[in-house]
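The structure appears right after this line, and notes come after that.
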Amino acid sequence: MAHEAAIEALRALLGDRLATSDSHRELHAQNEAYFARALPDAVAYPETTEEVSRILAICHEARCPVTPFAAASSLEGQHLPIAGGVSLDMGRMTRVLTVNAEDLNCTVQPGLTREALNTELRATGLFFPIDPGANASIGGMAATRASGTMAVRYGTMREAVLALEVVMADGTVIRTGSQARKSATGYDLTHLIVGSEGTLGVITEVTLRLYGQPEAISAATCRFESVEDAVNCVI
Ligand SMILES: Cc1cc2nc3c(=O)[nH]c(=O)nc-3n(C[C@H](O)[C@H](O)[C@H](O)COP(=O)(O)OP(=O)(O)OC[C@H]3O[C@@H](n4cnc5c(N)ncnc54)[C@H](O)[C@@H]3O)c2cc1C
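Next comes the structure, spelled out in C-alpha cells:
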C-alpha cells in the first residue's frame, strides 16, 4: 500500500477511526458529477482540532497527500483524493460551539450541516441563510465559498464567514478574523481561505453571521419576456 508509514502512524493515533477497508475508501471516491472515481489509501475521521493537527503533521512529515471531505455535494470533484493518500472526513466534527444571539453570530465545527445548524438555531429566532440547494456542511461551504438561492438578499459565504480556525499543512493551528464587524489589522486571511477548497489548510471552526428569521416567506413563479426584464425585476 502507498504511504504505509503515514497510515501506520495515523492508526496509532485514531484507532478504528482510521479506515482502510474497500467500503470506506469507495465511499470517499465518489462524486455528484461525472469525474472518474479517485480512491484514497485510507480515510481518517477526526473529532477534534488537535487530531486534525496531528494528522496533518504526520502526513506532512511522510509527504502523504490529504484531501478534506465533508458532505461531498460539490459538483466539480473538489473532494476527490486524486493523488491518493488520506481522505480527511470532517463528518464527526459537528458541534455548535457558541451562539451569540445578541451579536448575531455563532461558532461551529465544520462538519455540521446547514440544515442541522438551522434546527439548532430555531428556538433563538435566528437563522443561517446561505442555501446552496444541497445539505452541505458549513466547512465545505466555506471552503467552496458557496452561494445559492438566498445570495441576492443575504450574500454568499464570503459575507457570512466572520472568523476561522484553520490547521495548516504542517499541523500548525491558526485563527483568522474576529467577531468584530470592523477590523483592519493585518492581512485578510479569512477571505483568502474562504473559497480555497482545502488547498491552504483544513478549517476546524467557523464563526458565522446570523440573521433574524423572516416573519413570512412566500414563493412565486414569474415569466419574463427577456433576461433584462427578469434582472430589472430582481434589482
Ligand atoms: C443539487 C445541488 C445544488 C447545488 N447548488 C449550489 C449553488 O447554488 N451554489 C453553490 O455554491 N454550490 C452549489 N452546489 C454545490 C455544493 O453544495 C457546494 O459546493 C457545497 O458548498 C460543498 O459542501 P460540502 O460539505 O458538500 O463539501 P465537499 O463537497 O465534501 O467538499 C468541497 C470542497 O471543500 C473542501 N473541504 C471540505 N471541508 C473542508 C474543511 N473543513 N476545510 C477545508 N476544506 C474543506 C474539500 O476538500 C473540497 O475541496 C450544489 C450541489 C448540489 C448537489
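Residue numbering for the sequence shown follows our numbering, beginning at 143 and increasing consecutively.
Cβ atoms here follow ideal geometry from the backbone N, Cα and C, with glycine treated the same way.
All values derive from a computational prediction rather than experimental measurement.
Query - CB-CB length for methionine 299 against aspartate 273, believed under 8 Å - result: Their Cβ separation, rounded to whole angstroms, is 11 Å, which puts methionine 299 and aspartate 273 out of contact at 8 Å.
Query - Coarse secondary structure for alanine 186, derived from DSSP in three states - result: Reduced to three states, the DSSP call for alanine 186 is strand.
Query raised in the report: Cβ of phenylalanine 270 within 8 Å of any heavy atom in ligand 1?
Result: Not under cutoff, so the answer is no.
Query raised in the report: Less than 8 Å between the CB of phenylalanine 177 and some heavy atom of ligand 2, yes or no?
Result: With respect to ligand 2, the structure offers nothing, as its ligand set consists of ligand 1.
Query raised in the report: For aspartate 164, which three-state DSSP category applies?
Result: Note: aspartate 164 maps to helix in three-state DSSP.
Query raised in the report: So what's isoleucine 200 in DSSP terms, helix, strand or just coil?
Result: helix
Query raised in the report: Should the stretch 213–231 be called in touch with the stretch 308–319, which here means at least 3 C-beta pairs below 8 Å?
Result: no
Query - Residues bridged to asparagine 247 (per DSSP) - result: Asn242, Arg351
Requested in this report: Give a yes or no on whether the C-beta atoms belonging to arginine 167 and serine 229 are separated by under 9 Å.
Outcome: yes
**Report entry** Bridge partner(s) assigned by DSSP for serine 279
**Finding:** In DSSP, serine 279 forms a bridge with Thr255.
Requested in this report: Answer with buried or exposed for proline 356, where buried requires no fewer than 16 other C-beta atoms within 10 angstroms of its C-beta.
Outcome: That one is exposed.
Requested in this report: Check whether the Cβ atoms of glutamate 305 and threonine 266 sit closer than 9 Å, and answer yes or no.
Outcome: Residue 305 is actually alanine in this sequence, not glutamate. Contact: no.
Requested in this report: Evaluate contact between the stretch 240–251 and the stretch 352–372, counting only Cβ atoms and requiring at least three cross-stretch pairs below 8 Å.
Outcome: yes
Query raised in the report: chain B beta carbons: is any one of them nearer than 9 Å to that of threonine 341?
Result: Chain labels in this structure do not include chain B; a single protein chain is all it has.
**Report entry** Range covered by the beta strand (DSSP E) that runs through valine 303
**Finding:** 303–309
Query raised in the report: Just the Cα atoms here: how many angstroms apart are aspartate 182 and alanine 148?
Result: According to the sequence displayed, residue 182 carries proline and not aspartate. Taking the straight line joining both Cα atoms gives about 13 Å.
Query - isoleucine 280 versus threonine 209 - alpha carbon distance - result: Rounded to whole angstroms, isoleucine 280 to threonine 209 spans 17 Å at the Cα level.
Query raised in the report: Would a C-beta distance cut-off of 9 Å place alanine 186 and arginine 159 closer than the cut-off?
Result: yes
Query raised in the report: Is proline 271 closer than 9 Å to alanine 302 when the C-beta atoms are compared?
Result: yes
Requested in this report: Closer than 6 Å by C-beta to alanine 284: which residues in its own chain qualify, once you throw out the five before and the five after it? Chain order, please.
Outcome: Met299, Val303, Val336, Ile345, Val348
Query raised in the report: Taking Cβ to Cβ, would you say leucine 259 is nearer than 9 Å to valine 308?
Result: no
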